[in-house]
Structure formats: C-alpha cells, structure tokens
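Quick notes on the structure that follows.
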Amino acid sequence: MKNIMSMMKQAQELQTKMAELQTELETMQVEGTSGGGLVKVRLTGKGVMAGLSVDPSLIKPEESEILEDLIVAAHNDAKQKSEHVMAEKMQELTAGLPLPPGLKLF
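If you're matching positions, the sequence shown starts at 1 in the numbering used here and goes up one per residue.
Below is the structure:
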C-alpha cells in the first residue's frame, strides 16, 4: 500500500511539473536560420511560428522560389531545435520515473 501511495505522489508531482513545462514551452522561443543567416524563423517551444526575418537582398521577384526554399529550411531548422529542447526538458522532468521507452507525453 505504501508503494502505491508513493507512485500516486510521484504522478501528482509529474502532473504539476508537466503543467509548468507546458507554460514554459509557450513562452520559450528558438531561432532557425538558412542561407547563411539571410532567413531567420522564430518558433515557440510548441512549434508555432512567432516571427520571420528575411534579408532585403533576397526580395527579388525573379528569385521567389529560392526565398521560399530558404524560409522552409529555416522553419525546419527552428522546428528541429524546438523538438530537441523539448526532449531535453522531458528527460529532466521524467528522470528516475519508470516510464516505457518511447512514451511521448506531448
């Protein structure tokens, strides 16, 4: 019975920490770049685009395809960084808990 109470307490603590992490992820931002820094994309920790910066030298109608590709590449870079940060935070949060491998809580 004592073991079950201990597990319940751990579950409650995890739930509280998860709520805090959710709030932190909403305010956290990561930046992805492409084209040697000519295109920058900012995402929240939840992967929502928060900003886009394009160097004026890229804004040429005849080169719109290149610009589009650079924006996509910068977004993907920021998304990957966001997922990496989230994975690290989850690992810190669940350290020591007997969770099945590959379990995604987000």
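Each residue gets a CB set at the ideal place from its N, CA and C atoms; glycine is no exception.
Since the structure is predicted, the reported quantities are computational estimates derived from the model, not experimental observations.
Pairing His75 with Ile4, the inter-Cα distance amounts to about 45 Å. Straight-line measurement puts the Cα of Val39 at about 14 Å from the Cα of Met49. By the neighbour-count definition (other C-beta atoms within 10 Å, threshold 16), Val72 is an exposed residue.
About 6 Å separates the CB atoms of Gly32 and Lys81; that is less than 8 Å, so the two are in contact. Listed in chain order, the alpha helix (DSSP H) runs fully inside the region 5-75 amount to none, counting runs of at least 4 residues.
With respect to the 9 Å criterion, Met28 and Thr44 are classified as neighbours on the basis of their beta carbons.
Between Glu63 and Glu13, the alpha-carbon positions lie close to 53 Å from each other. Only residues of its own chain outside the window of five on either side were considered, and among them Lys40 have a CB closer than 6 Å to the CB of Ser53, listed in chain order. Gly35 and Leu25 have their C-alpha atoms spaced approximately 27 Å apart. For a cut-off of 8 Å, the C-beta gap from Gly51 to Lys79 is around 14 Å, too long to register as a contact.
With 16 or more other Cβ atoms inside 10 Å of its own Cβ, Met86 counts as buried.
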